[in-house]
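S.K.: Residue numbers (our numbering): 15 to 396.
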Ligand SMILES: CC(C)(COP(=O)(O)OP(=O)(O)OC[C@H]1O[C@@H](n2cnc3c(N)ncnc32)[C@H](O)[C@@H]1OP(=O)(O)O)[C@@H](O)C(=O)NCCC(=O)NCCS
């Protein structure tokens with residue numbers, strides 16, 4: 015019998031191409047496709063709302079009308095935060111990044127959950143509902159507190175998409191805006207073993223609780239190679255300003271070997287499944303709000319990158335101007351991604367703990383060969 019120590023495990027830098035687990039939740043087709051539990055993302059984005067998709071991700075099937083009503087009500091009822099968490103957000107430095115505020119808030123919510131250490135399927139679903147509901151509140155209340163404003167009371171009559179706008183601005187948005195936000199939330203809701211979801215699953219696989227897992231995920235999402243790209247992409251577009259400057263800007267950046275935010279993907283090589291929908295939202299919004307300069311810049315960048323490096327745009331390139339046109343502060347771009355992805359993270363934690371095995375890979379040792387220890391006292395002769 016060969017043991018693990020006899021064989022040399024295959025090594026793939028960055029775990030590229032490695033199958034690290036099984037999932038029934040989501041399938042990313044490298045040829046620009048994406049399915050949630052077997053349903054095509056394009057159809058879901060057009061017809062479903064976020065609550066429906068969150069239910070599907072968590073429970074495996076689409077809800078009936080009654081189930082959706084109950085689930086949406088439960089989510090709306092779970093939105094308010096413990097007053098201690100609001101107090102903690104008031105104590106954080108005013109320049110705290112909203113992703114750091116969110117990560118800290120998720121972590122602090124754990125001990126307030128009476129089922130924190132119950133990892134049964136039912137308890138995990140209950141906790142997931144609380145976490146999905148409270149994530150948006152952490153983002154909106156945290157942002158208002160940072161800007162010297164009081165958090166607004168919840169509006170349980172609004173869906174998560176409508177409530178997010180209301181909680182940030184105090185205004186109920188028009189129906190078209192809520193529909194648009196639902197589509198954006200659906201596009202971001204899950205993406206199989208992306209870095210933050212994998213971080214959540216690694217944490218959950220130790221049988222740590224769902225709040226610990228989502229705290230890991232928030233920390234991982236912040237980085238600009240992952241969720242943080244949608245904030246960085248806006249800074250890039252702000253710098254470029256007009257479409258006629260985009261090609262020169264890109265050539266210059268590539269000559270400097272810079273990483274261009276909103277381009278490239280570990281899995282998609284012939285296009286990101288979410289880009290066409292997000293691009294279309296961007297065009298529509300540009301006309302509605304009279305800011306039609308952003309999408310042509312993105313398109314010029316896309317054409318130049320395709321010609322120079324055959325790299326495709328990812329969803330964050332187009333999400334950046336979409337969020338700007340919806341009047342979100344760019345620092346909220348990644349937290350809004352999290353407000354949606356928390357549904358996917360929770361679904362993966364539930365799945366991981368329902369069929370758990372510790373996730374513990376090996377490393378390839380490249381350090382010094384075995385050598386004798388010399389005590390500091392002996393080596394300096396004293
Ligand atoms: C997403 C990302 C981390 C994937 O990394 P990866 O799978 O290791 O990248 P690849 O192996 O496909 O890279 C192939 C080549 O393209 C280059 N490349 C990839 N993305 C690039 C980008 N955004 N800008 C410039 N060059 C890029 C790599 O440097 C590499 O070049 P090399 O062969 O000369 O070393 C990477 O594309 C990236 O950093 N993108 C920008 C951040 C971003 O938008 N993140 C959001 C992802 S949804």
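Don't be surprised by glycine CBs; every beta carbon is placed ideally from N, CA and C.
These numbers were taken from a predicted model, which means no experiment stands behind them.
Going by DSSP in three states, residue 47 sits in which element: helix, strand or coil?
M.R.: Here residue 47 sits in strand by DSSP.
S.K.: Have a look at 353, 331, 97 and 177 and flag the residue whose alpha-carbon is nearest the alpha-carbon of residue 117.
M.R.: When each option's Cα is compared against that of residue 117, the closest is 353.
S.K.: Along the chain, where does the alpha helix (DSSP H) containing residue 212 start, and where does it finish?
M.R.: Unbroken alpha helix (DSSP H) run through residue 212: 209-218.
S.K.: Run through the segment 168-256 for me and flag every whole alpha helix (DSSP H) of 4 or more residues, listed as ranges in chain order.
M.R.: As far as the segment 168-256 is concerned, its whole alpha helix (DSSP H) runs of at least 4 residues are 174-183, 189-202, 209-218, 224-235 and 243-254.
S.K.: Would you mind sorting residue 296 into buried or exposed? The rule is 16 or more other CB atoms within 10 Å of its CB.
M.R.: So residue 296 ends up on the buried side.
S.K.: According to DSSP, is residue 33 helix, strand or coil?
M.R.: Looking at residue 33 - three-state DSSP - the assignment turns out to be coil, as it is neither helix nor strand.
S.K.: Would you call the segment 342-353 and the segment 100-120 touching, i.e. three or more CB-CB distances under 8 Å?
M.R.: At 8 Å Cβ cutoff, the stretches touch.
S.K.: Do residue 362 and residue 213 have their CB atoms nearer than 8 Å?
M.R.: Cβ atoms of residue 362 and residue 213: not closer than 8 Å.
S.K.: Taking DSSP as the reference, what is the three-state secondary structure of residue 327?
M.R.: The answer is strand: DSSP assigns residue 327 an E or B state.
S.K.: Report the residue from 135, 50, 336 and 256 whose alpha carbon sits nearest the alpha carbon of residue 244.
M.R.: Out of 135, 50, 336 and 256, 336 has the C-alpha closest to the C-alpha of residue 244.
S.K.: Residue 387 by DSSP, collapsed to three states: which one?
M.R.: In the structure shown, residue 387 sits in coil (DSSP, three-state: anything other than H, G, I, E or B).
S.K.: Roughly how many angstroms separate the alpha carbons of residue 358 and residue 153, rounded to a whole number?
M.R.: Cα-Cα distance, rounded: 18 Å.
S.K.: Going by DSSP, which residues form a beta bridge with residue 41?
M.R.: 49, per the DSSP bridge assignment.
S.K.: Pick helix, strand or coil for residue 157, following the three-state DSSP scheme.
M.R.: DSSP places residue 157 in helix when its eight states are reduced to three.
S.K.: Is residue 274 close to ligand 1? I mean its beta-carbon at under 7 Å from any heavy atom of the ligand.
M.R.: For ligand 1, at least one heavy atom lies less than 7 Å from the Cβ of residue 274.
S.K.: Roughly how many angstroms lie between the CA atoms of residue 380 and residue 30, to the nearest whole one?
M.R.: Near 19 Å, if we compare the C-alpha coordinates of residue 30 and residue 380.
S.K.: Sort 76, 277 and 258 by Cα distance to residue 399 and report the nearest one.
M.R.: In the structure as shown, the chain begins at 15 and stops at 396. Residue 399 is therefore absent and cannot be evaluated.
S.K.: Taking the C-alpha atoms as reference points, what is the distance between residue 271 and residue 208?
M.R.: Spanning the two alpha carbons is a distance of roughly 25 Å.
S.K.: Do you know offhand how far residue 249's Cα is from residue 286's?
M.R.: Approximately 21 Å, taken between the alpha carbons.
S.K.: Just to check my reading of the structure: residue 219 and residue 371 have Cβ atoms closer than 8 Å, yes? What is that Cβ distance to the nearest angstrom?
M.R.: Yes, they are in contact, since the Cβ atoms of residue 219 and residue 371 sit about 7 Å apart, within 8 Å.
S.K.: What distance in whole Å lies between the Cβ atoms of residue 205 and residue 40, which are believed to be in contact at a cut-off of 8 Å?
M.R.: Yes, they are in contact, since the Cβ atoms of residue 40 and residue 205 sit about 7 Å apart, within 8 Å.
S.K.: Return the CA-CA distance between residue 106 and residue 163, expressed in angstroms with no decimal places.
M.R.: Taking the straight line joining both Cα atoms gives about 14 Å.
S.K.: Does residue 33 pass the burial test, meaning 16 or more other C-beta atoms within 10 Å, or should it be called exposed?
M.R.: Residue 33 should be labelled exposed.
S.K.: With 16 other CB atoms within 10 Å as the buried threshold, where does residue 91 fall?
M.R.: The residue in question, residue 91, is exposed, as its Cβ has fewer than 16 Cβ neighbours within 10 Å.
S.K.: Going by the C-beta, is residue 280 closer than 7 Å to any heavy atom of ligand 1?
M.R.: Correct: residue 280 has its Cβ closer than 7 Å to ligand 1.
S.K.: Exposed or buried, which one is residue 25 when buried takes at least 16 other CB atoms within 10 Å?
M.R.: That one is exposed.
S.K.: Taking just the CA atoms, how far does residue 75 sit from residue 64?
M.R.: Near 14 Å, if we compare the C-alpha coordinates of residue 75 and residue 64.
S.K.: Could you check whether residue 275 and residue 329 sit closer than 8 Å to each other, using their CB atoms as the reference points?
M.R.: Taking 8 Å as the Cβ cut-off, residue 329 and residue 275 do not qualify as a contacting pair.
S.K.: Measuring only the C-alpha atoms, how far is residue 288 from residue 46?
M.R.: Residue 288 and residue 46: Cα-Cα distance of roughly 8 Å.
S.K.: Taking the continuous alpha helix (DSSP H) assigned at residue 341, which residues delimit it?
M.R.: It is not in any alpha helix (DSSP H) - residue 341 carries neither H nor E in the DSSP assignment.
S.K.: Along the chain, where does the alpha helix (DSSP H) that runs through residue 115 open and close?
M.R.: Counting along the chain, the alpha helix (DSSP H) containing residue 115 begins and ends at 112-123.
S.K.: Can you say whether residue 301 is buried or exposed, counting buried as having 16 or more other CB atoms within 10 angstroms of its CB?
M.R.: By the 10 Å Cβ count, residue 301 comes out exposed.
S.K.: Return helix, strand or coil for residue 286, following the three-state DSSP convention.
M.R.: In this structure, residue 286 counts as coil in the three-state DSSP scheme.
S.K.: Thinking C-alpha only, which one of 56, 60, 365 and 375 is nearest residue 193?
M.R.: The option with the nearest alpha carbon to residue 193 is 60.
S.K.: Three-state secondary structure (DSSP) at residue 132?
M.R.: Residue state, collapsed to three classes: coil.
S.K.: Taking the alpha carbon of residue 53 as the reference point, which residue from 44, 36 and 71 has its own alpha carbon closest?
M.R.: Checked all of 44, 36 and 71; the closest Cα to residue 53 is 71.
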